[in-house]
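End of the sequence shown = 973 in our numbering, gap-free, step of one. Glycine included, each C-beta is placed from N, C-alpha and C at the ideal position. Step one of this worksheet: look at the structure below.
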Amino acid sequence: MARMMMLVWMVTAAMVLGACATKVERMEVEEVQDLSGQWNDTDSRLVSEEMIADVLSRPWRSAFEQQNGKLPTVIVGGIRNLSQEHINVNTFVRDMERALINSGQVSFVASSEERGEIRGERMDQDLHAREDTRKPMGQEIGADFMLKGEINTIIDKEGKRQVRFYQVDLTLISLADNRKVWVGQKKIKKFVTKPSLRP
775 MARMMMLVWM VTAAMVLGAC ATKVERMEVE EVQDLSGQWN DTDSRLVSEE MIADVLSRPW
835 RSAFEQQNGK LPTVIVGGIR NLSQEHINVN TFVRDMERAL INSGQVSFVA SSEERGEIRG
895 ERMDQDLHAR EDTRKPMGQE IGADFMLKGE INTIIDKEGK RQVRFYQVDL TLISLADNRK
955 VWVGQKKIKK FVTKPSLRP
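The structure is reproduced here in structure tokens:
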């Protein structure tokens, strides 16, 4: 009888532990899955792709190419998160960089943070690398345009319902004369219903 009770207890314990185990399902990276209603990877990807497609279709690019006989060189500057939630701006910036570079319609230079690391490597090469493999200082390509922007939110809520409004504003600025050659804006609106805590 004791052995039978022990077996029942072990089976019950195994079932309880199995029910509490974390369940993981793999998803396609492009699959949309909104859990909280907050800014997520899908928002970042869709906004960056749409806005980059818009900036590249505008006349500033062809005008620059006709005047200078080369592709414009772009750098992404600061993208400020002015929203009421934590947004990983770095993933948004990387999405934009990827879309710009892969378009083949602009040249792209490293950010100020990346340049600092690369300059440090060149200084190290100057001291330690063979002369025929050293990369000299003063050969960097300067950007022609800087892309800057900000992300804002407005949240309207009552009880378990809320409307989350996101507005992304981007500006492309000529580094030669501070002219704004393109201003883009993308809005996202989400209606979120929170489940009741009561059964």
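- Where does arginine 938 fall in DSSP's three states? Along the sequence shown, one-based indexing puts residue 938 at 164. Looking at arginine 938 - three-state DSSP - the assignment turns out to be strand.
- Task: Return the CA-CA distance between arginine 893 and serine 885, expressed in angstroms with no decimal places.
- Result: Residue mapping note: residue 893 aligns to position 119 of the sequence shown, counting from 1. Residue mapping note: residue 885 aligns to position 111 of the sequence shown, counting from 1. Going by the C-alpha atoms only, they are around 12 angstroms apart.
- Count the CB pairs spanning the region 901 to 917 and the region 868 to 878 that are closer than 8 angstroms, and state whether there are at least three. no
- Message: With a threshold of 8 angstroms, are at least 3 pairs of Cβ atoms found where one atom belongs to the region 844 to 853 and the other to the region 919 to 926?
- Response: yes
- methionine 825 - partner residues in DSSP beta bridges: To locate residue 825, count along the sequence shown from 1; it is residue 51. Partner(s): none; methionine 825 has no beta bridge.
- Message: Checking 8 angstroms against the spacing of the C-beta atoms, do tryptophan 834 and tryptophan 956 come in under that value?
- Response: In the sequence shown, the residue the question calls residue 834 occupies position 60. In the sequence shown, the residue the question calls residue 956 occupies position 182. Yes, the Cβ-Cβ distance between tryptophan 834 and tryptophan 956 is below 8 angstroms.
- Buried versus exposed, by CB contacts within 10 Å (16 or more), aspartate 723: No answer is possible for residue 723: the residues shown for the chain start at 775 and end at 973.
- If you count every other CB in all the chains shown that lies within 10 Å of the CB of valine 867, and 16 or more means buried, which is it? Taking the sequence shown and counting its residues from 1, the one referred to as residue 867 is at position 93. Flag for valine 867 reads buried.
- Query: From this set, Ile915, Trp783, Lys963 and Thr967, which residue's C-alpha is nearest aspartate 817's C-alpha?
  - Reply: As a first step, residue 817 is located in the sequence shown; it is residue number 43 there, counting from the start. Of the listed residues, the one whose Cα sits closest to aspartate 817 is Lys963.
- Query: In the DSSP assignment, what are the bridge partners of tryptophan 956?
  - Reply: Stepping through the sequence shown from its first residue, residue 956 is reached at position 182. Tryptophan 956 pairs with Leu946.
- Spatial neighbours of glutamate 824 in its chain, beta-carbon cut-off 7 angstroms, leaving aside the 5 residues before and after: Taking the first residue of the sequence shown as 1, we reach residue 824 at position 50. So the qualifying residues of the chain are Lys960.
- Task: Below 7 angstroms CB to CB, which residues in the same chain sit around arginine 896 once its five sequence neighbours on both sides are set aside?
- Result: Taking the sequence shown and counting its residues from 1, one reaches residue 896 at position 122. So the qualifying residues of the chain are Lys909 and Met911.
- Message: Once DSSP output is grouped into helix, strand and coil, what is the label at leucine 921?
- Response: Residue mapping note: residue 921 aligns to position 147 of the sequence shown, counting from 1. Strand at leucine 921.
- Residues near glutamine 879 by beta carbon distance below 6 angstroms, same chain, minus five either side: Counting from one through the sequence shown, the residue named residue 879 turns up at place 105. Taken in chain order, the residues that qualify are Leu830.
- Message: What ranges does the beta strand (DSSP E) occupy inside the region 840 to 897, keeping only unbroken runs of at least 3 residues that lie completely in it?
- Response: 847 to 855
- Burial state of phenylalanine 838 (16 or more Cβ within 10 Å): By 1-based counting over the sequence shown, the position of residue 838 is 64. Buried: at least 16 other Cβ atoms inside 10 Å.
- Message: Am I right that aspartate 930 and glutamine 936 are in contact with their C-beta atoms under 8 angstroms? What's the rounded C-beta distance?
- Response: The residue you call residue 930 lines up with position 156 of the sequence shown. The residue you call residue 936 lines up with position 162 of the sequence shown. That belief holds up - the Cβ atoms of aspartate 930 and glutamine 936 are roughly 7 angstroms apart, short of 8 angstroms.
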